[in-house]
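Trainee:
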Amino acid sequence: MTQEKVIGQRKPRQDVLAKSTGAFVYGMDFQIPGQLYGAILRSPHPHALIRSVDASRAQALAGVEVVLTAKDLPAGLLMPGVVCDQPLLASDRARYHGEPIAAVAAQSADLAQQALGLIVVDYQPLPAIIDAETATADESLLVHEAWETYQAEEGLVRWRNVCCHAALNKGDVERGFASADEIIEGTYTTESVHQSHLEPRVATAVVLPGEVPTVYSNTQLLYWIRTNVAHVLGVPEEQVRIVPTGIGGAFGSKLYPQIEPLTALLSRVAGKAVRMVVPLSDELLAGVPRHPTKTRLKTAVMRDGTLVAQQATMYLDGGAYTGSTPEIASVAVLCLAGPYRTPNVHIDVYGVLTNKTNFGAYRGPGGPYSVFALETHLDEVAARIGMDPLDLRLKNILGEGDEAANGQILTSVGLRETVERATQAIGWREAAATNRGKGISLGWWTTTLQRSTSEALLDANGKVVIRVGTNEMGTGAIMGGVRQVAAETMGLDVDDVLIDVEDTLSGLWDWGSQGSRTLANVGRAAQFACQDLRLKILSLAEKLLETERERLDLAGGEVFSIDNPEEKITLKALAQLSPEGILRSRAESNAEPATYDKSRLTSCLYPAFHHPSYHCHVAEVEVDPGTGMTRVLRYVAAHDIGRAINPTLIEGQIEGGVVQGIGMALMEEVLYDKQGFRTNINWTDYKLPTLADMPEIESIIVEHPTNLGPYGSKGLGESPALHPPAAVANAIGAATGKRFRSLPITPEKIALA
Amino acid sequence: MTAAMTISLTVNGQTHALEIEPQETLLHVLRARLGLTGTKANCEEGECGACTVLLDGQPVNSCLLLAVRAEGSRIQTIEGVAEDGQLTPLQEAFAAEGAIQCGYCTPGFLLTTAALLSANPHPTDEEITHALSGNICRCTGYTKIVKAIRQAAAKGVRA
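Chains as they are written, first to last, in my numbering: chain W, 310 to 1062; chain U, 13 to 171.
1) With a threshold of 6 Å on Cβ separation, who are the neighbours of histidine 600 (chain W) within its own chain once the five nearest residues in sequence on each side are excluded?
2) For methionine 623 (chain W), list the residues DSSP reports as bridge partners.
3) Less than 8 Å between CB atoms is the rule here; does serine 145 (chain U) satisfy it with respect to chain W?
4) Take alanine 579 (chain W) and list the residues in its own chain whose beta-carbon comes closer than 8 Å to its own, dropping the five residues that flank it on each side.
5) Please say whether leucine 616 (chain W) and asparagine 705 (chain W) have beta carbons closer to each other than 8 Å?
6) Using DSSP bridges, identify the partner residues of glutamine 88 (chain U).
7) Within the 8 Å Cβ cut-off, does alanine 107 (chain U) reach chain W?
8) Tell me, which residues are paired with asparagine 73 (chain U) by DSSP?
9) Listed in chain order, which residues of the stretch 109-131 of chain U have Cβ atoms closer than 8 Å to some Cβ of chain W?
10) Give me whichever residues DSSP pairs with glutamine 98 (chain U) in a beta bridge.
11) For glycine 464 (chain W), which residues of its own chain have a beta-carbon under 7 Å away from its beta-carbon, when the five flanking residues on both sides are left out?
12) Can you tell me the Cα-Cα spacing of methionine 310 (chain W) and alanine 953 (chain W), whole angstroms?
13) Quick one: which chain W residues come within Cβ less than 8 Å of leucine 99 (chain U)?
14) Whole angstroms are fine: how far does the CA of leucine 99 (chain U) sit from the CA of valine 93 (chain U)?
15) Mapping DSSP to helix, strand and coil, what is methionine 310 (chain W)?
16) Would you mind telling me which residues of chain U sit closer than 8 Å to isoleucine 556 (chain W), beta carbon to beta carbon, in chain order?
17) Along the alpha helix (DSSP H) that carries proline 698 (chain W), what are the first and last residues, could you check?
18) Return helix, strand or coil for isoleucine 438 (chain W), following the three-state DSSP convention.
19) Please list, in chain order, the residues of the stretch 45-70 of chain U that have any C-beta partner in chain W closer than 8 Å.
20) Between the stretch 836-843 of chain W and the stretch 788-800 of chain W, do three or more beta carbon pairs fall short of 8 Å?
21) Find out if the Cβ-Cβ distance for the pair asparagine 147 (chain U), glutamate 139 (chain U) is shorter than 8 Å.
22) Taking DSSP as the reference, what is the three-state secondary structure of alanine 29 (chain U)?
23) Give the residues from the stretch 489-514 of chain W that approach chain U closer than 7 Å (Cβ to any Cβ), ordered along the chain.
24) Beta-carbon within less than 8 Å of leucine 123 (chain U)'s beta-carbon, same chain only, minus the 5 sequence neighbours each way: which residues are those?
25) For a contact defined as C-beta to C-beta under 7 Å, what are the partners of tyrosine 649 (chain W) on chain U?
26) Give the single residue among W:Arg940, W:Ser870, W:Met388 and W:Asp700 whose Cα lies nearest to the Cα of arginine 858 (chain W).
27) Can you look up valine 774 (chain W) in the DSSP assignment and give me helix, strand or coil?
28) So, does the CB of asparagine 991 (chain W) fall closer than 8 Å to a CB anywhere in chain U?
29) According to DSSP, is arginine 550 (chain W) helix, strand or coil?
30) List the DSSP bridge partners of alanine 946 (chain W).
31) Between histidine 474 (chain W) and the rest of its own chain, which residues show a CB-CB distance below 6 Å, the 5 nearest in sequence each way excluded?
32) Between the beta-carbon of methionine 976 (chain W) and the beta-carbon of lysine 996 (chain W), is there less than 8 Å?
33) Are the stretch 147-167 of chain U and the stretch 996-1013 of chain W touching by the rule of at least three beta carbon pairs closer than 8 Å?
34) Would you mind telling me which residues of chain U sit closer than 9 Å to methionine 696 (chain W), beta carbon to beta carbon, in chain order?
35) For aspartate 805 (chain W), which of W:Ile775, W:Thr813, W:Arg826 and W:Ser825 has the nearest alpha-carbon?
36) My output table needs one value for threonine 813 (chain W): the three-state DSSP class, helix, strand or coil.
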């Protein structure tokens, strides 16, 4: 560990120069000469039958080249998914306010908008299904009348509006409840929050006869976009080229093929390039934000603080289509179980379809609402038995070698250290001033696995190029983290390593920049490729230096003899002497998933947390008793991330995730009215945290290395967003003496409490 | 369609004669007609601050300003900040402190801060907060942006 020169250093990331001068090319900056402009007509109703769509006037408008409606698509076309229930364009029924009904391509953006206004749709409005819990009742109206006919993943428990019922059962909760000193119950609700990436979603498609169908996209997940584009074009995936463009923030939102398939079809019909931008109002209307939830918790506890049993029932509002709700439901199961030893646990998470936009993956999907419910509930448990909330947690947390609720055995567990360091930093035991209070939240989180592929090559100048199949979305995982891993492995400084993100024709298949997986998996693949490249370099040098490979080392851009460092050759000289031309190695990472007790879980598509990270956040707030205004005064976040590759980038992830979480705690809320219409579709009414709302955040890095990511690193990106709603809510509880069980905790809620 | 008009804009010290439509915003003219895509676009209603440019040294949301109203003013965009390819100390501080993640808000933050520091070389934290509360960053949590500004100010950087 001590010999490492690049790992653990605050090295500059590759993209920082271009991003500070305005030269960086984002998806929004990318255009093709002669392109057409795409636009989408969206349903003005949350739920309606579509009697007819008349596009003739739009088609007749000069400058409009294509209008697509459902009847222009292959009959019965449904998009790929865990449950194949989503059309590309609504045909007979619109299921949410903002659902795409038609798409146009025109010679200017203004013309495209004008054309949308000329499409006449005859709707018959229907009552909207709004509340997830009541939608589970047998007498509820159906969001999908044909739900039984859809193709669905095997083993998924689903019925009527319930698109997934994920469950965990450990021990015997009833027996636990019967034996305990106290039983505490509570219901917790959270609203949807939107990723609100600063750069819009944008795609440019070039699908021309005889050419490789190509879509330029600012997506986080090139190969899933490829699957969807290939599906609608009816061509093999391997023949579709998705080209990454610079990403200005994504946070899960840009995993989804919201526009690429439609844009590709528009381009094919037009015979020209088509560019589609989703305007902010459409993004807020019909993006893929976080699920709203309602959770009932019931906990049995002994007077000494020992947790005996816990039962949780969550209604996870999935919106109109299944999307990624089933996977997220099982992640919620694991978060509701928490990092605790509770011997008897029963958890039901119902993913429920309603007439709202399709909710999905936003930074830590399944996490923040579950952690909010569990961790604020635990404060109520502590209050009931007169125990300090910190002591209750310390008594029950999981440690090294312990078994989590799903039966997986935990190793490299830095949880206790995160708790101790975070609470010490904030002075947990010190009494708070009037109207002030401190709150805590603990948790665990996964490092998503799946395949990543990378190639390392020595270029003619003796520099190393790392080719990867997924894009940098802003975190620095690729342009900072992967680059440092490659530099360390190759004995170079970061300036001598160039990361290049490749399109899908490269075959560098990758499960994408998501799920706290990027550095661990892409970095691991790059490390493997570098290790192989290193061997190739040493083999070549062996002949040239006439020294055995075992007695050679590679550092500082040179191969040298360990016994006689004067005998050496630079990488540049080696590259030029290489008989086969450029040296090149390709490797993949496809790590073994965590094992767990299958008998405890049903219908869980994400049944275990791989190489878990552990975290503890503590907040101190001040509440104005007159206005109900909350100010976060201090915020400390401690994260066990295995191994710190670059502390600056790690702190950046923690600070950014915390602010998003504070937004969810105090101000952000995707609003629907009682009829199911979206109401706040701009950034004035949807309130994002600004600098004026935020405390300075103190990040504490805890390192309990794991054997997954390069140099021991675990995932990081999502976990900082899990805790602020719970930590802030608990701090408000301590400051006011009142419990707040619904997010966001607005001044109004506090003033009226 | 409205009648085109000719205007003259001075951007980063260069004067351009442009034929535009009267309703075009400065943001649109900078990006689409001058190819200065360093000025970023999203909300187009003055909420996010990504499109901030300096007009006679003052930060403005270029999405809210008709291009014609900028005639006769000095306009500075992010492309006009670095001199001869040399980053300014403020740009360097942003890069070194980790104040840049996705970077989409960065041009707006850099220009707003440059205006702040040239008027007030040693701002208090409160003054920094006040100046920058119209710029949204969704990645960094602001902590490192503030650190970068403090660091630049401590070095006596004016812009």
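The beta-carbon is built from N, C-alpha and C at its ideal position, and this holds for glycine as well.
Mentor: Taking the definition as stated:
1) Leu625, Asp626 and Phe668
2) W:Thr604 and W:Val658
3) yes
4) Leu345, Glu374, Val375 and Ala414
5) yes
6) U:Leu66
7) yes
8) U:Thr64
9) Glu109, Gly110, Ile112, Gln113, Cys114, Gly115, Tyr116, Cys117, Thr118, Pro119 and Leu122
10) U:Glu95
11) Ser912
12) The pLDDT assigned to methionine 310 (chain W) is 42, lower than 50, so where the model puts this residue is not dependable; a value taken from the coordinates is nonetheless given after this. Approximately 12 Å between the Cα atoms of the pair.
13) Leu326, Ser329 and Thr330
14) 8 Å
15) With a pLDDT of only 42 at methionine 310 (chain W), under the threshold of 50, the placement of this residue in the model should not be trusted, and no figure is reported.
16) Cys114
17) 698-705
18) coil
19) Leu48, Thr49, Gly50, Thr51, Lys52, Ala53, Asn54, Cys55, Glu56, Glu57, Glu59, Cys60 and Ala62
20) yes
21) no
22) strand
23) Ser505, His506, Leu507, Glu508 and Pro509
24) Thr64, Val65, Leu66, Pro71, Gln88, Thr89, Ile90 and Val93
25) Here the premise fails: no neighbours, minimum Cβ distance about 28 Å.
26) W:Ser870
27) strand
28) yes
29) strand
30) W:His926 and W:Ser1008
31) Val466, Tyr659 and Ser912
32) yes
33) yes
34) Those do not exist, as methionine 696 (chain W) stays about 32 Å from chain U at its closest Cβ, beyond 9 Å.
35) W:Ile775
36) helix
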